[in-house]
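The opening residue of the sequence shown carries number 645 in my numbering; numbering runs sequentially from there.
Heads up, the beta-carbon is just placed ideally off N, CA and C, and yes, glycines get one too.
What follows is a set of notes on a single structure, which appears directly below.
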Amino acid sequence: MGFFCEDFKEGQCEGQKVVDGEVMPLVLQPADPNKNDIESLLQAVEKNKDWFEQMIIKNSAVLIRGFDVKNAEDFNEIIETFGWEDIHYVGPAPRTHIHKRVWTANEGPLSEFIYYHHEMVLIKEYPKKVILFCEIPSPEGGETPFVPSFKVTERMLEEFPEAVREMEEKGLKYSFTALGSNNPSSMRGRGWEDTFRTSDKIEAEKRAKALGVDMEWLDNGGVKTILGPRPLTKVFEERKGRRMWFNSVVGMHGKELSSAMMADGTEIPSNVVERCGEIIEEESIQFKWQKGDVVFLDNYALLHGRRPSLPPRRVLVATCK
Ligand SMILES: [Fe+2]
Numbered sequence: 645m646g647f648f649c650e651d652f653k654e655g656q657c658e659g660q661k662v663v664d665g666e667v668m669p670l671v672l673q674p675a676d677p678n679k680n681d682i683e684s685l686l687q688a689v690e691k692n693k694d695w696f697e698q699m700i701i702k703n704s705a706v707l708i709r710g711f712d713v714k715n716a717e718d719f720n721e722i723i724e725t726f727g728w729e730d731i732h733y734v735g736p737a738p739r740t741h742i743h744k745r746v747w748t749a750n751e752g753p754l755s756e757f758i759y760y761h762h763e764m765v766l767i768k769e770y771p772k773k774v775i776l777f778c779e780i781p782s783p784e785g786g787e788t789p790f791v792p793s794f795k796v797t798e799r800m801l802e803e804f805p806e807a808v809r810e811m812e813e814k815g816l817k818y819s820f821t822a823l824g825s826n827n828p829s830s831m832r833g834r835g836w837e838d839t840f841r842t843s844d845k846i847e848a849e850k851r852a853k854a855l856g857v858d859m860e861w862l863d864n865g866g867v868k869t870i871l872g873p874r875p876l877t878k879v880f881e882e883r884k885g886r887r888m889w890f891n892s893v894v895g896m897h898g899k900e901l902s903s904a905m906m907a908d909g910t911e912i913p914s915n916v917v918e919r920c921g922e923i924i925e926e927e928s929i930q931f932k933w934q935k936g937d938v939v940f941l942d943n944y945a946l947l948h949g950r951r952p953s954l955p956p957r958r959v960l961v962a963t964c965k
């Protein structure tokens, strides 16, 4: 499907790339520069919902730029106009609820790099769309780069066909240690009570089980969660049969609080992990925020991360089915 919509004008942005014939991200601006108010945007969204969703799948990322989106309330209105169902966040990032369906993206220190990931990749039910809104762009850094996941699989297959085949066949197993209570000084500092929305251990275990997660309680009040087997790659409908690098190997392998290995306990060679990290970086699209930007990421197709940033920076998030 090509670009055909009278309510938006296609624009350009820094860092944009053409991947397999599609521009990423697709930039949508007001068709009439005098109609950049939030009401005009909501009308345009209402009128073009299905088309817009097709564009997210086709281009993997869509950026709305040049509209006067001011705050969490405006952002929430956009999400609700689309009518996509909400999906509750489960994961290590400490987040604060802001308004209705809108949360802070990560309360962890701005100085740290949040490594590339598919949102909630290890949980049984992950969002189809991750939608981000930039309320305050960082004075320096703080980009949200993203990576066409199938490119990573392609290049890993070229360079490490044997290792990829082995990991694919055996599946993967991860561990992650969560603290007892929230620690906002760490970007992975979300405590288990908040993660599972209960302070009852039995209930937490039950909820974890339902998400495909096993728990081992630790003496310090924390919990070691074990996840596996999980796939290395995944193919989703409507996405050209692309094999997405739908795993968390580079982000979790050999870290203080986490590990990644093959499901039968075989170690993943560290040179493979290292090279994969380089490939991910090389394939990344370095998108730069402007105030009022709203970005729709196809979470099935893209990894995303956050670069270290100087304060202040405020990017809000909503996750949808
Ligand atoms: Fe994320």
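Note to self: Could you give the first and the last residue of the continuous beta strand (DSSP E) run that contains Asp858?
What the structure shows: Taken as a continuous stretch (DSSP letters only), the beta strand (DSSP E) holding Asp858 covers 857-861.
Item checked: Pick from Arg957, Glu810, Arg832, Met811 that is closest to Pro736, judged by C-alpha positions -> Ranking the options by Cα distance to Pro736, first place goes to Arg832.
Check: Counting Cβ pairs, one atom from each stretch, are 3 or more of them under 8 Å apart for the stretch 818-836 and the stretch 782-790?
Finding: As far as the Cβ criterion goes, the stretch 818-836 does not touch the stretch 782-790, which means the pair count is below three.
Notebook entry, point to check: On the three-state DSSP scale, how would you describe Ala852?
Noted result: Three-state result, Ala852: helix.
Notebook entry, point to check: What do you reckon, are the CB atoms on Gln656 and Met668 nearer than 9 Å?
Noted result: Contact: no.
Next item on the list: Check whether the Cβ atoms of Ile701 and Arg883 lie closer than 9 Å to each other.
Entry: With a cutoff of 9 Å on beta-carbon distance, Ile701 and Arg883 are scored as near each other.
Next item on the list: Please classify Phe790: does DSSP put it in a helix, a strand, or coil?
Entry: The answer is strand: DSSP assigns Phe790 an E or B state.
Margin query: ligand 1 and Glu763: does any heavy atom of the ligand fall closer than 8 Å to the residue's C-beta?
Written below: Glu763 Cβ: within cutoff of ligand 1.
Notebook entry, point to check: For Lys814, does the three-state DSSP call read helix, strand or coil?
Noted result: In the structure shown, Lys814 sits in a helix (DSSP, three-state: H, G or I).
Item checked: 8 Å CB neighbourhood of Pro771 in its chain, flanking five on each side removed -> Excluding sequence neighbours, Pro771 sits near Ile731, Glu763, Met764, Asn943, Thr963, Cys964, Lys965.
Margin query: Runs of 3 residues minimum, wholly inside the stretch 681-755: which ones carry the beta strand (DSSP E) assignment?
Written below: The stretch 681-755 contains these whole beta strand (DSSP E) runs: 705-708, 741-743, 746-748.
Notebook entry, point to check: Whose CA, out of Gly936, Phe931, Asp908, Met896, lies closest to the CA of Glu918?
Noted result: Answer by Cα proximity: Met896.
Checklist line | Cβ-based burial, Glu924 [other Cβ within 10 Å; buried from 16] | finding: Inspection of the sequence shows that residue 924 is occupied by Ile rather than by Glu. Buried, by the Cβ-count rule.
Check: CA-CA distance, Glu666 and Asp844?
Finding: C-alpha separation (whole angstroms): 48 Å.
Checklist line | Buried or exposed (CB count within 10 angstroms, at least 16 for buried), Leu954 | finding: Counting the other Cβ atoms within 10 Å of the Cβ of Leu954 gives fewer than 16, which makes it exposed.
Checklist line | Residues near Asn680 in its chain [Cβ-Cβ closer than 7 Å; skip 5 each side] | finding: Same-chain partners within the cutoff: Pro674, Gly710, Phe711, Asp712.
Notebook entry, point to check: Does ligand 3 have even one heavy atom less than 8 Å from the beta-carbon of Ala854?
Noted result: With respect to ligand 3, the structure shown offers nothing to examine, as its ligands consist of ligand 1.
Item checked: Contact set for Trp747: own chain, Cβ-Cβ below 6 Å, skip 5 residues either direction -> Closer than 6 Å at the Cβ level, and outside the excluded window around Trp747, lie Arg739, His741, Val961.
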